[in-house]
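Asker: Sequence order for the protein chains is B and F. Under the numbering used here, think of the first position of the first sequence as 188, with each following residue one higher. Under the numbering used here, think of the first position of the second sequence as 44, with each following residue one higher. Think of the CB as a built atom: it goes at the ideal place given N, C-alpha and C, for glycine as much as any other residue. Sharing a structure here in structure tokens format.
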Amino acid sequence: MENQNKEVLYGLYDDEEVLMSAVKKANEEHLDIMDVYTPFPVHGLDPLLGLSESRLHIAGFIYGAIGTLTAFLFMTWVFTRDWPIIFGGKPYFSFPAFVPIMFELTVLFSSVGMVITFYTICGLWPGSKTIRLNDRITDDKFCIAFETDNTDVQKLKDFFSSTGAGSVETATI
Amino acid sequence: MSAVVSPIREPLIIGHKDYHQITEDICAPTEKTPSLMWVIAFSISASLLAFYVFCVGWTIWVGIGSWDLNRTINWGWDITNFVWWVGIGHAGTLISAILLLFRQKWRTGVNRAAEAMTIFAVMCAGQFPLIHMGRLWLGFFIFPYPNTRGPLWVNFNSPLLWDVFAISTYFTVSLLFWYTGLVPDLATVRDRAKGLRRKLYDMASFSWNGSAKHWQRWESLSLILAGLATPLVLSVHTIVSFDFATSVIPGWHTTIFPPYFVAGAIFSGFAMVQTLMLIARKVLNLEEYITIEHIDVMNKVILLTGSIVGVAYLTELFIAWYSGYIYEQFAFYNRVMGPYWWSYLGMMSCNVISPQIFWSRKIRRSIWWTFFMSIFINIGMWFERFVIIATTLARDYLPSSWSYYSPTWVEIGLFAGTLGLFFTLFLIFTRLAPVVAIAEVKSILKGYGDQYTGENANQHH
Chain B
188 MENQNKEVLY GLYDDEEVLM SAVKKANEEH LDIMDVYTPF PVHGLDPLLG
238 LSESRLHIAG FIYGAIGTLT AFLFMTWVFT RDWPIIFGGK PYFSFPAFVP
288 IMFELTVLFS SVGMVITFYT ICGLWPGSKT IRLNDRITDD KFCIAFETDN
338 TDVQKLKDFF SSTGAGSVET ATI
Chain F
44 MSAVVSPIRE PLIIGHKDYH QITEDICAPT EKTPSLMWVI AFSISASLLA
94 FYVFCVGWTI WVGIGSWDLN RTINWGWDIT NFVWWVGIGH AGTLISAILL
144 LFRQKWRTGV NRAAEAMTIF AVMCAGQFPL IHMGRLWLGF FIFPYPNTRG
194 PLWVNFNSPL LWDVFAISTY FTVSLLFWYT GLVPDLATVR DRAKGLRRKL
244 YDMASFSWNG SAKHWQRWES LSLILAGLAT PLVLSVHTIV SFDFATSVIP
294 GWHTTIFPPY FVAGAIFSGF AMVQTLMLIA RKVLNLEEYI TIEHIDVMNK
344 VILLTGSIVG VAYLTELFIA WYSGYIYEQF AFYNRVMGPY WWSYLGMMSC
394 NVISPQIFWS RKIRRSIWWT FFMSIFINIG MWFERFVIIA TTLARDYLPS
444 SWSYYSPTWV EIGLFAGTLG LFFTLFLIFT RLAPVVAIAE VKSILKGYGD
494 QYTGENANQH H
């Protein structure tokens, strides 16, 4: 969990292009950005913030493979070991007939698994405590936030005014 | 920073919107008291839904004998309605998944409502096989669970069971995809609300806060879900078509069924999207987000898929003749000239002939033409399923058991009732959630807003 009662200074920008150049400037000045909050995904922001590519797809592949194997092994076990039944003189192990369900379970396991993983690693669920600085962030404001515990606040304020932040506010989280 | 967009592209967002205005416009329908139109529409839908519940009760109480099915024609309106609804349920995922992979930005205006429509249509579809079981409360027998009968497992070789897996997977994945897309927009609604409403939307939006890392993962998740949903959506109607294609009934036992069913599904799904969107954009004042350009491109999809369906119909006839197989030839002769000739005519005229008017750009961009055509296509696609199912069964191998089938009031009530279910759910959805994907529309504003592209673009940008 987050430490309680951290002081945060954040600035709100009106445009994602202004935000991008502000983030670039923050990097140049070696300011330690806590996080950036935006109303929609801003492309090109991730490398500036040093965010590595999401590994969610690897998890998705693993879940999918588990789904494929579950379906294949279960149907094979049922039809060759547990209760073999002859359907229209076909072999017990009728692989082509297993393919549709193997496919469906691959997709099902992968999707459900990835969605659960997504919400878990993001710490998002009904009633979870997330850092919410300003109501306009989900509307039309782009926010850069800094922790002010061990930082020169005046330097941050100068940074905001020089990069065109519309407003600068503090919050305790 | 805006995407490179050809200036001859038409804008997808008109009215010189800024980000805040987009939020205002799209959130408005969830925040105002419902209009009189909404209340009237809801009353009608809810009444139909109540009648549906009555008809289901009647069917269970009296038994399947309350339908006009008989030993020869043992699938009638029920399976027709099932296939029709599943088909309609294809457009949403097509728009949200396949068009996402193809980077078609116009999807942002319609994807949310189309996905909702998909989910509700699949719910309607699922009703029919369940009711047709007769003993609704034993519906769980379709799932392979360890039971006290052996355990005796379900038949994994049966296309009917594949259908169970395909449709339940499709429903689950569509629901997850839709809701994950909805979470940031529910947060937008939350941040505009106060009191209890704010608390409820906070729960619904999983306390979304728009963090950069969350957005990155959200986009990654959306892309992979789209990649998974694309083969899934194609598989679902393929498997529905296997219900017929793997049988030994002439007229059903055809290899063309999977692609033909999938094309038909997209065709009917887009028609239903048009019907809903034309009304929704007017009633909810979203004409600047669901523009004539959106209607135009969807009509192009309808024209393409309608023509594919037409080619499939003609191919079936040709192959029946070319096969030299008299039972196949009779099945198709019977479809066109037999006792159900009128439904074949309805299918051909609504699905193949009339959509050809969409070659005209003027008609593609006409709201009234589009609306009437969308209704036509929905009727035509219903006829297609009826033609395949009832017409084929009515004349089987044994002339002494040839029969004719027309629905009872219960069957008509069940069909009308699922329309009630569908529209009730859709109307509730328009009150609770943003009908247009707010975050996604904002993300394309700089490329496709009318101040950035098209005739009225501000040249200084």
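Spatial neighbours of S109/F within its chain, please: C-beta separation below 7 Å, excluding the five flanking residues on both sides.
Answerer: Within the second sequence, the letter at position 66 stands for residue 109/F. Around S109/F: W101, T102, T451 and V453.
Asker: Mind checking E483/F: buried by the 16 CB within 10 Å criterion, or exposed?
Answerer: Within the second sequence, the letter at position 440 stands for residue 483/F. E483/F is buried by the Cβ-count criterion.
Asker: When the cut-off is 8 Å and only beta carbons count, does P271/B lie next to chain F?
Answerer: On the first sequence, position 84 is the one that residue 271/B refers to. No, no contact with chain F.
Asker: Does the structure place the region 373 to 391 of chain F close enough to the region 297 to 317 of chain F that three or more beta carbon pairs sit under 8 Å?
Answerer: The answer is no - the region 373 to 391 of chain F does not touch the region 297 to 317 of chain F, with fewer than three Cβ pairs under 8 Å.
Asker: Please work out which residues of its chain come closer than 8 Å, Cβ to Cβ, to E215/B, disregarding the five sequence neighbours upstream and downstream, and give them in chain order.
Answerer: Reading the first sequence from its first residue, position 28 is the one you call residue 215/B. Correct list: empty, nothing qualifies.
Asker: Please work out which residues of its chain come closer than 7 Å, Cβ to Cβ, to P24/F, disregarding the five sequence neighbours upstream and downstream, and give them in chain order.
Answerer: No statement about residue 24/F is possible, as the shown extent of chain F runs from 44 to 504 and does not include it.
Asker: Given 7 Å as the limit, tell me if F94/F has its C-beta closer than that to any heavy atom belonging to the ligand NAP.
Answerer: In the structure shown, the ligand NAP is absent, as is every other ligand, since no ligand is present at all.
Asker: Using the Cβ count rule (16 or more neighbours within 10 Å means buried), how would you classify L388/F?
Answerer: For the purposes of this step, residue 388/F is taken as residue 345 along the second sequence, with counting starting at 1. Classification for L388/F: exposed.
Asker: Given this structure, state the Cα-to-Cα distance separating T267/B from Q372/F, to the nearest angstrom.
Answerer: Residue mapping note: residue 267/B aligns to position 80 of the first sequence, counting from 1. Residue mapping note: residue 372/F aligns to position 329 of the second sequence, counting from 1. In a straight line, the C-alpha of T267/B is about 40 Å away from that of Q372/F.
Asker: Decide if the region 263 to 282 of chain F is in contact with the region 338 to 346 of chain B; the criterion is three or more beta carbon pairs, one per stretch, under 8 Å apart.
Answerer: no
Asker: Just by C-beta distance, which residues in the region 152 to 168 of chain F are closer than 8 Å to chain B?
Answerer: none
Asker: What is the DSSP secondary structure of F280/B, reduced to helix, strand or coil?
Answerer: Position 93 of the first sequence holds residue 280/B. DSSP places F280/B in coil when its eight states are reduced to three.
Asker: By DSSP, does F329/B sit in helix, in strand, or in coil?
Answerer: Along the first sequence, read from residue 1 onward, the residue named residue 329/B stands at position 142. In the structure shown, F329/B sits in a strand (DSSP, three-state: E or B).
Asker: Is the Cβ of S348/B closer than 8 Å to any Cβ of chain F?
Answerer: Walking along the first sequence from the start, residue 348/B turns up at place 161. With 8 Å as the cut-off, S348/B does not count as an interface residue toward chain F.
Asker: Applying the 10 Å Cβ sphere with the 16-neighbour rule, what's the burial state of F469/F?
Answerer: Along the second sequence, read from residue 1 onward, the residue named residue 469/F stands at position 426. Answer is buried; the Cβ neighbour count reaches 16.
Asker: First and last residue of the beta strand (DSSP E) that includes M80/F?
Answerer: As a working note, residue 80/F is residue 37 in the second sequence. No beta strand (DSSP E) holds M80/F; the alpha helix (DSSP H) holding it covers L79 to V105.
Asker: Looking only at its chain, what residues have a beta carbon closer than 6 Å to the beta carbon of F466/F, apart from the 5 residues adjacent to it on each side?
Answerer: If you number the second sequence from 1, residue 466/F lands on position 423. Correct list, in chain order: S88.
Asker: By the criterion of Cβ-Cβ separation under 7 Å, what are the contact partners of H63/F in chain B?
Answerer: In the second sequence, residue 63/F corresponds to position 20, counting from 1. Near H63/F (Cβ distances below 7 Å), the residues of chain B are D326 and D327.
Asker: Taking the alpha-carbon positions, what's the E262/F to P228/B distance?
Answerer: For this step, residue 262/F is matched to residue 219 along the second sequence. For this step, residue 228/B is matched to residue 41 along the first sequence. Those two C-alpha atoms are separated by around 8 Å.
Asker: W120/F to G349/F, Cα distance in whole Å?
Answerer: Residue numbering aside, residue 120/F sits at position 77 when the second sequence is read from its first letter. Residue numbering aside, residue 349/F sits at position 306 when the second sequence is read from its first letter. C-alpha separation (whole angstroms): 23 Å.
Asker: Mapping DSSP to helix, strand and coil, what is Y447/F?
Answerer: For this step, residue 447/F is matched to residue 404 along the second sequence. Correct three-state label for Y447/F: coil.
Asker: Can you say whether Y368/F is buried or exposed, counting buried as having 16 or more other CB atoms within 10 angstroms of its CB?
Answerer: Walking along the second sequence from the start, residue 368/F turns up at place 325. Its Cβ having fewer than 16 others within 10 Å, Y368/F is exposed.
Asker: Does any C-beta atom of chain B lie closer than 8 Å to the C-beta of F8/F?
Answerer: Coverage of chain F is limited to positions 44 through 504, which leaves residue 8/F absent and any answer about it impossible.
Asker: Extract the residue ranges of the alpha helix (DSSP H) inside the region 305 to 352 of chain B, only unbroken runs of 4 or more that lie entirely within it.
Answerer: Along the region 305 to 352 of chain B, the alpha helix (DSSP H) occurs as fully enclosed runs of 4 or more residues at 340 to 350, listed in sequence order.
Asker: What's the call for Q399/F, buried or exposed, on a 16-neighbour Cβ count within 10 Å?
Answerer: The sequence position of residue 399/F within the second sequence is 356, counting from 1. With fewer than 16 other Cβ atoms within 10 Å, it is exposed.
Asker: Which word fits D339/B, buried or exposed, when buried means at least 16 other C-beta atoms lie within 10 angstroms of its C-beta?
Answerer: Walking along the first sequence from the start, residue 339/B turns up at place 152. D339/B should be labelled exposed.
Asker: Return no unless some Cβ of chain B is closer than 8 Å to the Cβ of I506/F.
Answerer: As displayed, chain F neither begins before 44 nor continues past 504, which places residue 506/F out of reach and without an answer.
Asker: Any chance you could list the beta strand (DSSP E) runs of at least 3 consecutive residues sitting entirely within the region 198 to 241 of chain B, in chain order?
Answerer: If we require 3 residues or more, the beta strand (DSSP E) runs fully inside the region 198 to 241 of chain B come out as 220 to 224.
Asker: E194/B bridges to which residues according to DSSP?
Answerer: Position 7 of the first sequence, counted from the start, is the residue given in the question as residue 194/B. Paired residues: T359/B.
Asker: Do you know how far the Cα of I116/F is from the Cα of S443/F?
Answerer: Residue numbering aside, residue 443/F sits at position 400 when the second sequence is read from its first letter. Residue numbering aside, residue 116/F sits at position 73 when the second sequence is read from its first letter. About 13 Å.
Asker: Report buried or exposed for W149/F, applying the criterion of at least 16 other Cβ atoms within 10 angstroms of its Cβ.
Answerer: The count along the second sequence starts at 1 and reaches residue 149/F at position 106. Buried is the call here.
Asker: Assuming K193/B contacts E334/B (C-beta within less than 8 Å), just tell me the rounded distance between them.
Answerer: Locating residue 193/B in the first sequence gives position 6, where the first residue counts as 1. Locating residue 334/B in the first sequence gives position 147, where the first residue counts as 1. Contact holds; Cβ gap of about 6 Å.
Asker: Assuming D297/B contacts G237/B under a Cβ cut-off of 8 Å, what Cβ separation, rounded to an integer in Å, is found between them?
Answerer: Here the question's residue 297/B lines up with position 110 in the first sequence. Here the question's residue 237/B lines up with position 50 in the first sequence. Here residue 297/B is Ser; the residue named in the question, Asp, does not match the sequence. The pair is not a contact, with the Cβ atoms about 29 Å apart (cut-off 8 Å).
Asker: Who are G492/F's beta bridge partners in DSSP?
Answerer: As a first step, residue 492/F is located in the second sequence; it is residue number 449 there, counting from the start. Paired residues: I56/F.
Asker: Just by C-beta distance, which residues in the region 298 to 319 of chain B are closer than 8 Å to chain F?
Answerer: Residues passing the 8 Å Cβ filter: S298, V299, M301, V302, F305, Y306, I308, C309, L311, W312, P313, G314, S315, K316, T317, I318 and R319.
Asker: By the three-class DSSP mapping on this structure, what secondary structure does M44/F have?
Answerer: For the purposes of this step, residue 44/F is taken as the residue at position 1 of the second sequence. The predicted model places M44/F with a pLDDT of 42, which falls under 50 and marks its position as unreliable; any figure quoted below should be read in that light. In the structure shown, M44/F sits in coil (DSSP, three-state: anything other than H, G, I, E or B).
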